[in-house]
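Scroll down for the structure; my scribbles are underneath it.
In our numbering, the protein residues as written are 9 to 139.
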């Protein structure tokens with residue numbers, strides 16, 4: 009089970025390694041001649057980092073479509089019986105959707121992450137959560 013802190017730490021690692029990345033609007037891609045997919049977008053990298061077996065199912069079952077926000081992908085995973093360990097944190101999932109949407113609109117990962125953090129902080133304030 010991954011906590012919100014685990015997700016935040018993984019995101020910070022992923023983004024700090026490549027803050028200026030502008031990724032395509034897809035979760036993964038197949039390398040020519042390879043039998044394994046590689047993550048492309050920041051949420052694809054996050055799922056691959058925290059839950060590699062789920063990432064593998066995502067690629068094998070092809071439960072994503074280009075441009076889908078994180079919440080839709082999580083629902084698609086549920087439909088094939090796969091649950092992310094952090095999916096019950098609705099505010100986190102919403103903020104991940106903001107992150108993904110910003111990235112899909114051409115923002116760098118660092119810019120998208122800033123929007124993610126702002127959104128999550130606002131949701132926490134609205135819910136009375138203090139960090």
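Ideal Cβ placement from N, Cα and C applies to all residues, glycine included. Everything numeric in this text was worked out from a predicted model, so none of it was measured.
Asked                                                                                                                   : Found
Residue 31 beta carbon less than 8 Å from that of residue 15                                                            : no
Close-in-space but distant-in-sequence residues of the same chain around residue 127 (CB under 6 Å, 5 per side omitted) : 103, 106
Classification of residue 91 by the beta-carbon crowding that lies within 10 angstroms, buried from 16 upward           : exposed
Cβ distance (whole Å) where residue 65 is taken to contact residue 108 below 8 Å                                        : Contact flag wrong, Cβ pair sits at about 19 Å.
Residue 38 versus residue 22 - alpha carbon distance                                                                    : 20 Å
Outcome for residue 135 when other beta-carbon atoms lying within 10 angstroms are tallied against a minimum of 16      : exposed
Residue 25 burial status per 10 Å Cβ neighbour count (16 or more: buried)                                               : exposed
Boundaries of the beta strand (DSSP E) in which residue 45 is found, first to last residue                              : 45-47
Length at least 3, wholly inside the segment 18-46: the beta strand (DSSP E) runs in chain order                        : 36-38
Where residue 56 falls, given that 16 or more other Cβ within 10 Å makes a residue buried                               : buried
Contacting residues, own chain, Cβ-Cβ under 6 Å from residue 97 (five flanking each side not counted)                   : 12
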